[in-house]
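S.K.: Mapping of the sequence shown onto the numbering used here: residues 9 to 339, in sequence order.
Note that beta-carbon positions come from the ideal geometry of N, C-alpha and C, so glycine has one too.
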Amino acid sequence: MEIREVDPADEAALHRWWQAGHEAMAGRPFDLRPTWPTTRAAMTRPHDDFEQTLLAAYDDDSVVGAALLLLPIADNLAMAYADVTVPEPHRRRGVGSALLADVEARARAAGRSYVLVEVLAPLGVVGPGERFAEARGYPIANREGVKVLDLDDHPDWAPLRQKTAERAGGYRIETWGNFTPDGLAPAVCEALNGFISMIPSGDVAIEDITLTPERLRRNETRSDQLGRRRYAAAAIAPDGALAGYSDLFVPAHVVDHADIGITMVLPEHRGHALGLALKLATHESLMAAEPRCRLVTTNNADANAQMNAVNDQLGYRLVEQQLEVQKTLSQ
Ligand SMILES: CC(C)(COP(=O)(O)OP(=O)(O)OC[C@H]1O[C@@H](n2cnc3c(N)ncnc32)[C@H](O)[C@@H]1OP(=O)(O)O)[C@@H](O)C(=O)NCCC(=O)NCCS
């Protein structure tokens with residue numbers, strides 16, 4: 009078995025890399041890994057904020073495992089984000105270990121201190137990912153739940169709309185799509201830059217990001233060109249200040265599912281049901297613009313009581329657990 013880098017411009021090699029990842033996750037309750045057209049579009053258009061490396065494990069000529077390494081380069085320079093997948097028939101032969109060792113060597117060579125990996129598992133089950141993480145020296149840094157909302161079958165939102173209207177005070181909600189209005193961009197960046205400190209994230213070593221309006225616009229342009237759609241909302245306080253923000257995304261080349269990005273209400277503006285109001289606004293924008301969309305997914309830390317309460321009211325149900333496992337690298 010040999011680990012080799014995959015050139016995303018080599019479409020046949022990229023497809024086999026994608027296929028291995030897809031097969032490895034075949035048992036999920038909802039297969040929400042990026043589709044082939046999404047992967048092809050995203051991997052061939054590098055992101056300014058990350059250096060990406062695609063790795064495949066080859067046994068003779070067949071791909072028996074796949075990994076992705078993302079090194080953030082605009083902030084979080086101590087972090088390396090990785091994904092390692094081995095399809096069922098090739099497991100327990102050291103393929104995952106070999107891929108992870110390669111990932112770690114690259115992260116170490118780039119001066120990174122932590123490798124963070126997300127492991128999915130059915131509810132109440134200790135899956136192979138968790139066992140593997142344990143065996144390879146990756147303690148659990150945070151526990152999250154993956155939740156799904158069925159847009160064709162959710163609780164009646166009329167009482168929620170009523171509640172947000174009653175609690176809104178002088179706050180208003182503004183919505184937009186792929187591009188943040190110029191006037192709001194500095195405040196949105198400032199809010200997003202404080203997001204990581206604001207959420208319960210256990211022992212995960214990720215630090216606040218350092219977004220600027222220019223970087224935000226560059227990222228938005230890349231997403232837009234890929235064909236990704238965003239539905240965003242901001243809560244604006246009576247004095248015009250940004251009080252909260254939420255967004256959700258439909259991946260490029262996908263019509264039937266969306267994923268929530270970030271939801272936040274700044275501490276001094278809490279208590280006005282703005283979290284719920286923001287989420288209602290983004291979901292309603294999505295449903296109006298994309299009637300074929302069936303599912304929305306999200307994930308939150310188990311410890312995030314407020315966000316979980318909002319999601320429960322909207323009708324999200326827990327379908328999977330997601331563990332964030334993290335290794336501290338010795339240099
Ligand atoms: C996790 C995964 C990548 C492991 O791939 P793999 O090629 O089977 O891993 P390895 O053969 O290198 O396993 C290394 C060690 O991890 C542990 N391990 C791996 N899978 C295990 C399982 N199903 N049960 C118990 N221990 C397991 C064992 O200690 C194993 O060593 P051993 O076989 O000598 O006992 C694979 O199961 C997978 O793709 N799962 C779905 C995706 C995922 O969860 N990825 C996140 C990885 S952190």
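Check each candidate in L128, D320, G235, R144 and name the one with the smallest Cα separation from L341.
M.R.: Outside the modelled stretch of the chain, which goes from 9 to 339, sits residue 341, for which no answer is possible.
S.K.: Does the region 231-246 touch the region 112-129, meaning 3 or more C-beta pairs lie closer than 8 Å?
M.R.: no
S.K.: For L294, report the span of its beta strand (DSSP E) as first-last.
M.R.: Per DSSP, L294 belongs to no beta strand (DSSP E); it is in the alpha helix (DSSP H), 282-297.
S.K.: Between the beta-carbon of S254 and the beta-carbon of T271, is there less than 7 Å?
M.R.: yes
S.K.: I'd like to check one pair, V212 with N150: are the Cβ atoms closer than 7 Å?
M.R.: yes
S.K.: When the Cα atoms are used, what is the spatial distance from L288 to D39?
M.R.: 25 Å
S.K.: Could you give the DSSP three-state label for N84: helix, strand or coil?
M.R.: coil
S.K.: Grab the span of the beta strand (DSSP E) containing R325 for me, first residue to last.
M.R.: 325-336
S.K.: Below 6 Å, is the gap between the Cβ of R175 and the nearest heavy atom of ligand 1?
M.R.: no
S.K.: Residues in the same chain with beta-carbon distance under 7 Å from R325, minus the five sequence neighbours each way, listed in chain order, please.
M.R.: K155, V156
S.K.: What number of angstroms, rounded off, separates the C-alpha of E112 from the C-alpha of Y89?
M.R.: Approximately 10 Å, taken between the alpha carbons.
S.K.: When the distance is taken between beta carbons, is Y66 closer than 7 Å to E13?
M.R.: no
S.K.: Please write down, chain order preserved, every residue whose beta carbon lies under 5 Å from a heavy atom of ligand 1.
M.R.: A32, V92, T93, V94, R99, R100, G102, V103, G104, S105, V125, V127, P136, G137, R139, F140, A141, A143
S.K.: By DSSP, does N307 sit in helix, in strand, or in coil?
M.R.: strand
S.K.: Quick one: give me the first and last residue of the alpha helix (DSSP H) that F257 is part of.
M.R.: Membership of F257 in any alpha helix (DSSP H) is not indicated; the residue belongs instead to the beta strand (DSSP E) covering 250-258.
S.K.: Among all the DSSP beta bridges, which residues are the ones paired with W184?
M.R.: A240
S.K.: I'd like to check one pair, A309 with E152: are the Cβ atoms closer than 7 Å?
M.R.: yes
S.K.: Exposed or buried, I81, counting other C-beta atoms within 10 Å across all chains shown (16 or more means buried)?
M.R.: exposed
S.K.: So, for Q27: in the same chain, excluding its five sequence neighbours on each side, which residues have a beta-carbon less than 6 Å away from its beta-carbon?
M.R.: none
S.K.: Please report the Cβ distance between T52 and A17, rounded to the nearest whole angstrom; I am assuming they are in contact, meaning their Cβ atoms lie under 8 Å.
M.R.: 6 Å
S.K.: Could you give the distance in angstroms between the alpha-carbon of D15 and the alpha-carbon of M206?
M.R.: 37 Å
S.K.: In terms of DSSP beta bridges, what is V154 paired with?
M.R.: N307, E328
S.K.: How would you write the range of the beta strand (DSSP E) that M272 sits in, first residue to last?
M.R.: 265-273
S.K.: Can you tell me the Cα-Cα spacing of A64 and L286, whole angstroms?
M.R.: 41 Å
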